[in-house]
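Okay, structure first, notes after.
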Amino acid sequence: MIIGIIGSGAMGAGIAQVVATAGHTVRLLDQNTQALQRAGQSIQNNLNKLAEKGKLTVEAAAEVFNRLHLTEDIGTFNDCGLVLEAIVEDLGVKQQLFREVEMLVAEDCILASNTSSLSIASIAAACQKPERFVGIHFFNPAPLMQLVEVIPAVQTRPGLAEQVRDLVQSWGKLPVLTKDTPGFIVNRVARPFYGEAIRILEEGIADIATIDCAMTELGGFRMGPFALMDFIGHDVNYRVTESVFTSFFFDPRYKPSFTQKRLFEAGYYGRKSGRGFYNYAEGAVQPEPTRDEALSRRILNRVLAMLINEAVDALALNVASKQDLELAMTKGVNYPKGLLAWADELGLPAVLTTLDELYDEYHEDRYRASALLRRMVRQNQTFFQQETVAHG
Ligand SMILES: NC(=O)c1ccc[n+]([C@@H]2O[C@H](COP(=O)([O-])OP(=O)(O)OC[C@H]3O[C@@H](n4cnc5c(N)ncnc54)[C@H](O)[C@@H]3O)[C@@H](O)[C@H]2O)c1
4 MIIGIIGSGA
14 MGAGIAQVVA
24 TAGHTVRLLD
34 QNTQALQRAG
44 QSIQNNLNKL
54 AEKGKLTVEA
64 AAEVFNRLHL
74 TEDIGTFNDC
84 GLVLEAIVED
94 LGVKQQLFRE
104 VEMLVAEDCI
114 LASNTSSLSI
124 ASIAAACQKP
134 ERFVGIHFFN
144 PAPLMQLVEV
154 IPAVQTRPGL
164 AEQVRDLVQS
174 WGKLPVLTKD
184 TPGFIVNRVA
194 RPFYGEAIRI
204 LEEGIADIAT
214 IDCAMTELGG
224 FRMGPFALMD
234 FIGHDVNYRV
244 TESVFTSFFF
254 DPRYKPSFTQ
264 KRLFEAGYYG
274 RKSGRGFYNY
284 AEGAVQPEPT
294 RDEALSRRIL
304 NRVLAMLINE
314 AVDALALNVA
324 SKQDLELAMT
334 KGVNYPKGLL
344 AWADELGLPA
354 VLTTLDELYD
364 EYHEDRYRAS
374 ALLRRMVRQN
384 QTFFQQETVA
394 HG
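With the sequence shown counted from 1, adding 3 to any position gets you my numbering.
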C-alpha cells in the first residue's frame with residue numbers, strides 16, 4: 004500500500020519515517036517547502052543514527068529513505084491506499100484538505116487524521132464518503148512512542164477501525180481502539196496527573212518539589228507532574244486541558260487551573276522558554292523536596308485515586324477496553340502500572356474511600372466517584388485479580 008502523509012512537521016515527519024521503515028512507499032507533502040526539506044533532513048539524520056547504532060544496516064536505511072518521496076504536489080497522491088493528515092489543528096483547514104484529497108484518490112482509499120483535539124466525526128463530515136474515515140493518533144516522537152490510538156468516527160464503516168488497527172500493528176506499533184470522545188484515552192485519563200497536582204499546590208498542601216518527589220520516589224512515575232508539564236510545555240499542556248474541558252461541556256472534573264493559565268499567559272512555557280514551574284536558567288537553585296512519608300503518601304493517594312477514577316469512568320462509558328486502557332497509559336505516557344491493575348493492588352474500597360473523603364470535604368463534582376467503581380466495591384469485584392484466580 005502506498006501511503007500519503009500531509010503535513011511534514013513534528014508528527015508528519017515522524018509518521019512518514021515509521022511507515023517507510025515498515026516497507027511502504029510514502030508520499031510526504033507540505034505546503035511549506037522549508038518544512039518539507041527539514042522533514043527530509045531529520046528523517047535522513049534519524050536513519051543515519053539508527054545505522055550508526057547498528058539498528059539498521061546502511062543499505063536498509065538507504066532503502067527506507069528511497070521509499071520516501073517528498074512532494075508539494077497533491078496530484079501525486081492519486082495512487083495512495085491511505086492518506087493521513089498531520090497538518091495544523093484547525094477544523095476548517097482539515098476539512099478543506101479532505102475535500103481536495105477525495106477528488107484525487109480511489110474510492111477505496113482510507114482517509115485518516117492525526118488530530119489530538121478535534122472530533123473525528125467533525126473532520127469526516129466534510130467527506131463525500133465519510134465511512135472510509137478514521138482517526139490514527141500517534142504520540143510524539145512517533146518513531147519512538149509505541150502507542151497509537153485508532154478512533155472510528157460515528158460515520159466509519161464497521162470493520163475499518165479493526166483493519167487499520169492491524170495495519171498499525173504491522174508497523175511495529177501498539178494500537179488501541181478508542182471511542183471518538185475528547186482526549187481519546189491518554190489525553191483524557193491523564194488529566195488529573197496535572198490537574199490534581201496543581202490543586203494540591205494551590206491549596207498549599209505541598210510545594211512543587213515535594214509533590215514531584217512523592218510521585219516519582221513513592222509512586223514510581225518517571226517524572227513528577229510539574230517537571231513533566233514544564234517538559235511538555237505549558238503552551239501545549241494548558242491548551243490540551245482547556246480543549247478537553249470545553250469539549251466535555253465544562254465538566255468540572257477537567258477544569259483548568261489559573262495557576263497554569265498564568266504561566267501560559269506569561270510565556271513561562273517550561274524548559275523551552277527557560278522558565279515554568281521550575282527555573283531552568285544556568286545556575287538557578289532548584290527547590291528541595293520535603294521528604295515526609297505521610298505527606299508523600301497523602302499526595303500520591305490523592306492523585307492516584309483521581310487518575311484511577313478517570314480510567315474507571317472511561318471503562319464504564321466504553322471509551323476503550325480494560326486491556327487497551329492499561330496499554331494506553333503504560334505505553335502512551337509510561338505510567339509504571341496500568342491504572343486498573345493499580346486499583347486492584349490498592350484495593351478498590353481504599354480508592355473509593357479516598358475519593359469519597361475528598362468529595363465530603365469539598366462538595367465539588369470534580370471528586371465524584373465513578374458509578375462503576377462504587378458498584379464494583381459493593382459487589383466485591385476487582386478488575387483483573389479474580390480473573391487470574393479463576394483462570395488458575
Ligand atoms: N505535536 C504533538 O505532540 C502532537 C501529538 C499528536 C498529534 N498531534 C496532531 O498532529 C497534527 C500536526 O501537529 P504537529 O505538532 O506535527 O504540527 P507542526 O506545526 O509541527 O506541523 C504542521 C505542518 O503542517 C503544514 N501544513 C499546515 N497546513 C497545511 C495544509 N493545508 N497543507 C499541507 N501542509 C500544511 C505546516 O506547514 C507544518 O509543516 C495536529 O493535528 C496535532 O494536533 C500533535
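Every residue, glycine too, gets a C-beta built ideally from N, C-alpha and C.
Values in this document were obtained by computation on a predicted structure and should not be read as measured data.
Rounded to the nearest angstrom, the Cβ distance from N49 to L87 is 19 angstroms, too far for a contact under 8 angstroms.
Relative to the non-hydrogen atoms of ligand 1, the Cβ of E92 comes within a distance shorter than 7 angstroms of at least one.
With fewer than three CB-CB distances shorter than 8 angstroms, the region 249 to 262 does not count as touching the region 161 to 175. Taken through DSSP and simplified to helix, strand or coil, P155 comes out as strand.
A distance below 7 angstroms between beta-carbons, with the five flanking residues on each side excluded, links V380 to the following residues of its chain, in chain order: L351, P352, L355. The DSSP-derived three-state label of L59 is coil. If you draw a straight line from the Cα of I154 to the Cα of I18, it comes to about 17 angstroms. Taking C-beta separations shorter than 7 angstroms and ignoring five residues to either side along the sequence, the partners of S45 in its chain run A16, following chain order.
The Cβ neighbour count for T159, taken over all protein chains shown within 10 Å, is at least 16; the residue is labelled buried. By the C-beta criterion, the region 170 to 187 is judged not to be in contact with the region 203 to 223, since fewer than 3 inter-stretch pairs fall below 8 angstroms. Listed in chain order, the non-local C-beta contacts of P228 below 7 angstroms within the same chain comprise F196, Y197, A200, I214, D215, M218, local neighbours out to five positions each way being set aside. CA-CA distance, N143 to R278, rounds to 22 angstroms.
If you compare the alpha carbons of L342, L303, K275 with that of A284, the shortest gap goes to K275. Nearest Cα to V96 within the set N81, H72, D76, L121: L121.
Across the structure, E55 and L150 are spaced so that their CA atoms are roughly 25 angstroms apart. The count of Cβ pairs closer than 8 angstroms, one atom from the region 101 to 116 and one from the region 60 to 69, stays below three, leaving the stretches out of contact. For S299, the enclosing alpha helix (DSSP H) has its first and last residue at 296 to 319. Placement of the Cβ of M218 at a distance of 7 angstroms or more from every heavy atom of ligand 1 is found. Using a C-beta cut-off of 8 angstroms, the region 337 to 349 makes no contact with the region 360 to 371, since fewer than three inter-stretch Cβ pairs fall below that distance.
Beta-bridge annotation (DSSP): F136 is paired with L114. Of the candidates S373, A42, F136, N240, the residue whose Cα lies closest to the Cα of I311 is S373.
In this structure, P339 and F224 form a Cβ contact; the two beta carbons are roughly 6 angstroms apart against a cut-off of 8 angstroms. Look at N337 here: in three-state DSSP terms it is coil, with no helix or strand label. For H237, the enclosing alpha helix (DSSP H) covers residues 237 to 250. With a cut-off of 7 angstroms, the C-beta of F141 is classified as near ligand 1, since at least one heavy atom of the ligand falls inside that distance. The beta carbons of L358 and L318 sit about 16 angstroms from each other, so the pair does not count as a contact at 8 angstroms. Residue pairing by DSSP puts F141 in a beta bridge opposite V151. By a beta-carbon distance limit of 8 angstroms, I139 does not contact E103. Their separation comes to about 19 angstroms.
Nearest Cα to A25 within the set L307, E152, K176, E75: K176. In this structure, DSSP gives L31 an extended state, which the three-state scheme calls strand.
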